[in-house]
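J.:
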Amino acid sequence: MSKVTNVFWISIVIATIFVIWGAVAPVHLGAILNQAKDFFLDSFGWFYQLSATFFLLFALFLIFSKYGKIKLGADDSKPDFKRPTWFAMLFSAGMGIGLLFYGVSEPISHFANPPIGEAGSVEAASTALRYTYLHWGFHAWAIYAVIALVLAYYKFRKNESGLMSVTLIPLIGNRAKGKIGTVVDVVAVFATIFGVSASLGLGSAQINGGLNYVAGVPNNFMIQLLIIAIVTVLFILSASTGLRKGIKYLSNTNLVLAVILLFTFLILGPTGFVLDLFVTTLGSYVQNLPSMGLRLAPFNEERAAWIQDWTIFYWAWWIAWAPFVGTFVARVSKGRTVREFMIAVLVVPTLVCAFWFSVFGGTAIYFDFFEGTNIAAQGLETALFSVFDLLAFPGLLSMVSLLLITTFFITSADSATFVLGVQTTNGDMDPPNFVKITWGLFLSASAIVLLLSGGLDAIQTAIIVSAFPLTFVLLAMSFSVLKDFQKEMPAKTAERKRTRKPRREEEPDPDPI
624 MSKVTNVFWI
634 SIVIATIFVI
644 WGAVAPVHLG
654 AILNQAKDFF
664 LDSFGWFYQL
674 SATFFLLFAL
684 FLIFSKYGKI
694 KLGADDSKPD
704 FKRPTWFAML
714 FSAGMGIGLL
724 FYGVSEPISH
734 FANPPIGEAG
744 SVEAASTALR
754 YTYLHWGFHA
764 WAIYAVIALV
774 LAYYKFRKNE
784 SGLMSVTLIP
794 LIGNRAKGKI
804 GTVVDVVAVF
814 ATIFGVSASL
824 GLGSAQINGG
834 LNYVAGVPNN
844 FMIQLLIIAI
854 VTVLFILSAS
864 TGLRKGIKYL
874 SNTNLVLAVI
884 LLFTFLILGP
894 TGFVLDLFVT
904 TLGSYVQNLP
914 SMGLRLAPFN
924 EERAAWIQDW
934 TIFYWAWWIA
944 WAPFVGTFVA
954 RVSKGRTVRE
964 FMIAVLVVPT
974 LVCAFWFSVF
984 GGTAIYFDFF
994 EGTNIAAQGL
1004 ETALFSVFDL
1014 LAFPGLLSMV
1024 SLLLITTFFI
1034 TSADSATFVL
1044 GVQTTNGDMD
1054 PPNFVKITWG
1064 LFLSASAIVL
1074 LLSGGLDAIQ
1084 TAIIVSAFPL
1094 TFVLLAMSFS
1104 VLKDFQKEMP
1114 AKTAERKRTR
1124 KPRREEEPDP
1134 DPI
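Per my numbering, the sequence shown starts with residue 624, numbered consecutively.
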């Protein structure tokens, strides 16, 4: 009990009020959330857009700057995990269920309803994947990378507690450890709760949709409630085993299953078409990245609504996930240099996500464009399973997908209980089990309340609202670490001068002839 802080109790009280409100008056909560969503999207869409772009530019700056040699830890520290395991943990915590939920549904949705151009055309196919890459690519991973870098730097090099509040000390001094710091940490807790609850809600909806599509299981709230209850027991058991056991084994399992599913899908589908489409759209994505990343539509309400529903929602979702993913990625990244860390976290996951969406989304686009199917008419949660019906071994592919969704579900929630435990126990990297179990129960309860209050719309609203105050914190963290980096470089330069071997004096030529 001595490890528990005021942040824990304040957060618990507010979370309890939210859950009770949603359970007693879900319609009222849903209405309030919708009003809040409209306000933030209409008034601050530009702010989310500029913020996401800032994080990408800042990440690129760190890669090419003189600060790239700074190590996240002592100068002689070594990484705790080998690169394959490290990458597995990044993917499981960083994207997880979303890759399965949106792998087919997002590209095919953009193909049928593109942000620009004619629906169902060749241009729409390219645009669909290009914008999917935008939502899951460099911008998303830049947000994660910057926040994880800041947390890792202060935890392992400055020996601070690992809380987000302490990273603001260079800007506001010891006030970061007082009331202002408490507010910052509570904001981070709630952004984490809503961000992860969104994934849990999506996961339960897709598991239910898959079971309905494959086995005729009813697709309704009660089944989703049962799914969440079963998975809650599983991820709490996993959380109680600790980081090196539960999360590590589940992350590796996720990676193996995801690779198997990805390449099976590629081989059974239109392989040549998909690979051609990947190369073409990847180049188009990089070429058009600046204009897409800053695109709004002030003169066209329909296109403005599309950007709000997709692009702005994603920026808010990644920002809301940043404390969760940042804390977790920071924890497993000790001993990496700034440059190695930023390149790995920014570039490698972006390329893998792009390839993933080109395989799953490209296959769906192929069938709709060339075969005349109508996958785009399927719901978001069942689009993946409708593609399986067009390939060999649909039953096996469906079972593997459901298993992977479940393990992603468990890993995301498992990791989130660890991160929430860290955030509410003064940065303790081994939070007590009762704290992790408490947060596990609240994560599941929040997911249930959001599903009850309006499903996907309520989930999106909770993310957009919770991400707004957190964005200011994340921006401040970026300037804070830059200030400390600037102080550190003169010290490193002096250190190199002290340790540099003196030049040998030139000896006279023994034979002047």
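Backbone N, C-alpha and C define an ideal beta-carbon position, used for all residues, glycine too. None of the values given here were measured: they were computed from a predicted structure.
Would you list the residues sitting across from Lys-694 in a DSSP beta bridge?
T.: Bridge partners of Lys-694: Thr-960.
J.: Closest to Tyr-756 by CA distance: which of Leu-1014, Gly-1050, Phe-1095, Val-975 is it?
T.: Closest option to Tyr-756, Cα to Cα, is Val-975.
J.: Have a look at Leu-834 and Ser-732 and give me their C-alpha separation to the nearest angstrom.
T.: Roughly 22 Å separates the two Cα atoms.
J.: Which of the three DSSP states, helix, strand or coil, is assigned to Ile-1086?
T.: If DSSP states are grouped into helix, strand and coil, Ile-1086 belongs with the helices.
J.: Exposed or buried, which one is His-762 when buried takes at least 16 other CB atoms within 10 Å?
T.: Result: buried.
J.: Who are the near neighbours of Glu-1004 in its chain, counting only those whose CB is closer than 6 Å to its CB and skipping five residues on each side?
T.: Around Glu-1004: Ala-828, Gln-829, Gly-832.
J.: Would you say Ser-674 and Leu-1098 are within 8 Å of each other, going by their C-beta atoms?
T.: Yes, the pair counts as a contact, with Cβ atoms nearer than the cut-off.
J.: Can you give me the start and stop residues for the alpha helix (DSSP H) that Val-745 sits inside?
T.: It spans 745-759 - the alpha helix (DSSP H) in which Val-745 sits, taken as one unbroken run.
J.: Just to confirm, is the Cβ distance from Phe-980 to Trp-759 under 8 Å?
T.: For Phe-980 and Trp-759, yes; Cβs fall inside 8 Å.
J.: Taking only the alpha-carbon atoms, compute the straight-line gap between Ile-998 and Lys-694 and give it to the nearest angstrom.
T.: Taking the straight line from one Cα to the other gives about 48 Å.
J.: From the DSSP output, in three-state form, read off Thr-950 for me.
T.: Note: Thr-950 maps to helix in three-state DSSP.
J.: Locate the alpha helix (DSSP H) running through Gly-839, then write down its first and last residues.
T.: That residue, Gly-839, is in no alpha helix (DSSP H); it is neither H nor E in DSSP.
J.: Beta carbon of Ser-1076, beta carbon of Leu-664: below 8 Å?
T.: Contact flag unset, no.
J.: Considering only residues of the same chain and omitting the five flanking positions on each side of Ala-920, which have a CB-CB separation below 7 Å?
T.: Contacts found: Arg-926, Ala-927, Ile-930.
J.: Check Thr-1061 in the structure and name its three-state DSSP category.
T.: Correct three-state label for Thr-1061: helix.
J.: Helix, strand or coil for Glu-1130, going by three-state DSSP, please let me know.
T.: Confidence is the limiting factor: at Glu-1130 the pLDDT is only 48, short of 50, which leaves the residue's position unreliable and the question unanswerable from this model.
J.: Give the straight-line distance between the Cα atoms of Leu-723 and Phe-710, rounded to the nearest whole angstrom.
T.: Approximately 18 Å between the Cα atoms of the pair.
J.: Taking DSSP as the reference, what is the three-state secondary structure of Thr-1029?
T.: Helix, per DSSP.
J.: Look at Leu-772 and Met-965 and say whether their C-beta atoms are less than 8 Å apart.
T.: Cβ atoms of Leu-772 and Met-965: closer than 8 Å.
J.: Let's test the definition: count the other Cβ atoms within 10 Å of the Cβ of Ile-853 and tell me whether it reaches 16, buried, or not, exposed.
T.: Ile-853 comes out exposed.
J.: Around the C-beta of Thr-639, are 16 or more other C-beta atoms found within 10 angstroms, so that it is buried, or is it exposed?
T.: It is exposed - the Cβ of Thr-639 has fewer than 16 other Cβ atoms within 10 Å.
J.: Taking the alpha carbon of Gly-984 as the reference point, which residue from Gly-726, Phe-678, Ile-635, Thr-708 has its own alpha carbon closest?
T.: For the residues Gly-726, Phe-678, Ile-635, Thr-708, the minimum Cα distance to Gly-984 belongs to Gly-726.
J.: Quick check on this structure: which residue in Pro-946, Val-819, Ala-987, Gly-1050 has the alpha carbon closest to the alpha carbon of Asn-782?
T.: Minimum Cα distance to Asn-782 is reached at Gly-1050.
J.: Assuming Ser-666 is part of the alpha helix (DSSP H), what are its boundary residues?
T.: Its alpha helix (DSSP H) spans residues 649-687.
J.: Thinking C-beta only, is Leu-849 closer than 8 Å to Ala-1070?
T.: Not closer than 8 Å, so no.
J.: How many angstroms separate the CA atom of Leu-969 from the CA atom of Phe-1095?
T.: Their backbone Cα atoms lie some 22 Å apart in a straight line.
J.: Can you list, in chain order, the residues of its chain whose CB lies under 8 Å from that of Gly-1044, leaving out five sequence neighbours each side?
T.: Correct list, in chain order: Asp-1051, Pro-1054, Pro-1055, Val-1058, Lys-1059, Trp-1062.
J.: Determine the DSSP secondary structure at Ala-999, reduced to helix, strand or coil.
T.: Three-state DSSP puts Ala-999 in a helix.
J.: Give me, in chain order, the residues of the same chain whose beta-carbon lies closer than 8 Å to that of Ala-742; leave out the 5 immediate sequence neighbours on both sides.
T.: Once the five neighbours on either side are set aside, the close Cβ partners of Ala-742 are Phe-734, Ala-735, Asn-736.
J.: Do the CB positions of Ala-814 and Ala-943 come within less than 8 Å of each other?
T.: Yes; because the gap between Cβ atoms is below 8 Å, this pair is in contact.
J.: Report all residues from its chain with a CB closer than 7 Å to the CB of Phe-993; omit the five preceding and five following residues, and keep chain order.
T.: Once the five neighbours on either side are set aside, Phe-993 has no close Cβ partner at all.
J.: Over what stretch of residues does the alpha helix (DSSP H) that includes Phe-896 continue unbroken?
T.: Phe-896 -> alpha helix (DSSP H) spans 894-916.
J.: So, for Ile-1082: in the same chain, excluding its five sequence neighbours on each side, which residues have a beta-carbon less than 6 Å away from its beta-carbon?
T.: Answer for Ile-1082: Ala-821, Gly-824, Leu-1073, listed in chain order.
J.: First and last residue of the alpha helix (DSSP H) that includes Trp-929?
T.: Looking at the DSSP string, the run of the alpha helix (DSSP H) that includes Trp-929 is 924-930.
J.: Report yes if the C-beta distance between Leu-885 and Val-982 is below 8 Å; otherwise report no.
T.: For Leu-885 and Val-982, yes; Cβs fall inside 8 Å.
J.: Is the CB-CB distance between Gln-1046 and Ala-811 below 8 Å?
T.: Closer than 8 Å, so yes.
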